[in-house]
Structure formats: structure tokens, C-alpha cells
Amino acid sequence: VAGNIRTKAVLDVETKRGYWLTVYAQDHGVVPLSSSLQVYVEVLDENDNTPLTELPVYYPSVPENSPASVSVLQIHAFDHDVSPQQFVFTISSGNPEGYFLINSTTGLISTSGRKLDRENQAEHVLEIFLQTMD
1 VAGNIRTKAV LDVETKRGYW LTVYAQDHGV VPLSSSLQVY VEVLDENDNT PLTELPVYYP
61 SVPENSPASV SVLQIHAFDH DVSPQQFVFT ISSGNPEGYF LINSTTGLIS TSGRKLDREN
121 QAEHVLEIFL QTMD
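According to UniProt numbering, the stretch in the sequence shown is residues 1 to 134, in order.
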């Protein structure tokens, strides 16, 4: 004899990590025989939470004419998944001249060595794309 256990709703490990169930079976004999057992169902983690940064917008500053590798901003990321995540950072827009670089694994934005000139462009608005490595 076999049976299936199915869910009626979506399970989320961040809400509840597991469930204890009592399974009860009984036959249809004249004198019914029965048995029960305990089953623990562990909910497995899915990468179902959006990665976030500590702030939605940052306002760092950097001196003009900075040499290469000057740290501009360290972006820290997190998500609410139970399993630890590794993130990938990329500059998705705002850097067509290549004034800035981002370390794809650490999130450190630094200067590329191209000369920043405040009189030519007083500010740079970078958009950073953040994703998890699966």
C-alpha cells in the first residue's frame, strides 16, 4: 500500500522550516486493523527573495583627477533566503566612458584611471545590477 502527501498551499522555508505530520492508516476488514506513524517534512530553501542593498541610493564623492583604483563606494548586499547567497555586481548604466569599475564579487566601486573632470561633468549616476549566483 502506498500513499502521497501533498500540500494545499505554497510552503516557504523562511516562514516555517518543517512540519510534523501524523499519518494514520486503516484497512476495511471486519475487524479493522490500523497503524500510525510520525513523518517530519523538511522544507527546502529556494532562491525566492530579491537581493537588496543597505540603501536604495548612495551619494559617494571622489576627487577629480583621481588615479586608478581609488575606492569610491563599497556596496553590501543581502537577501532574506535561509541559504547563504553569493552576489554578482555589474554597472548596468551611467558609465559609458568607463570612469568607474566594480568588483563583480565584492561590490567595490573604484576609479578606472580615466581622468575625472568636475568642470566637464560634475556628477555621474551609476546604476548597479545585482543578482544572486545560483
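Where is the CB? At the ideal position from N, CA and C, for every residue including glycine. On a predicted model such as this, the values are computed, not experimentally measured, just so you know.
Cα-Cα separation, residue i to residue j
i: K16; j: V43; result: 8 Å
i: G113; j: V82; result: 39 Å
i: Q131; j: W20; result: 34 Å
i: L52; j: H80; result: 9 Å
i: F78; j: Y40; result: 30 Å
i: P89; j: S104; result: Correcting the residue identity first, residue 89 is Phe in this sequence and not Pro. Those two C-alpha atoms are separated by around 4 Å.
i: V62; j: V72; result: 6 Å
For residue i, the first and last residue of its enclosing beta strand (DSSP E)
i: S71; result: S71 to Q74
i: T25; result: Checking the sequence, you will find Ala at residue 25 rather than Thr. Unbroken beta strand (DSSP E) run through A25: G18 to Q26.
When the options are compared against residue i, the one with the closest alpha-carbon
i: F87; options: I128, V31 and N4; result: I128
i: I91; options: H76, T50 and G107; result: G107
i: V70; options: H76, Y59, D45 and I109; result: I109
Bridge-paired residues (DSSP) for residue i
i: S66; result: According to DSSP, S66 bridges with nothing at all.
i: A77; result: T53
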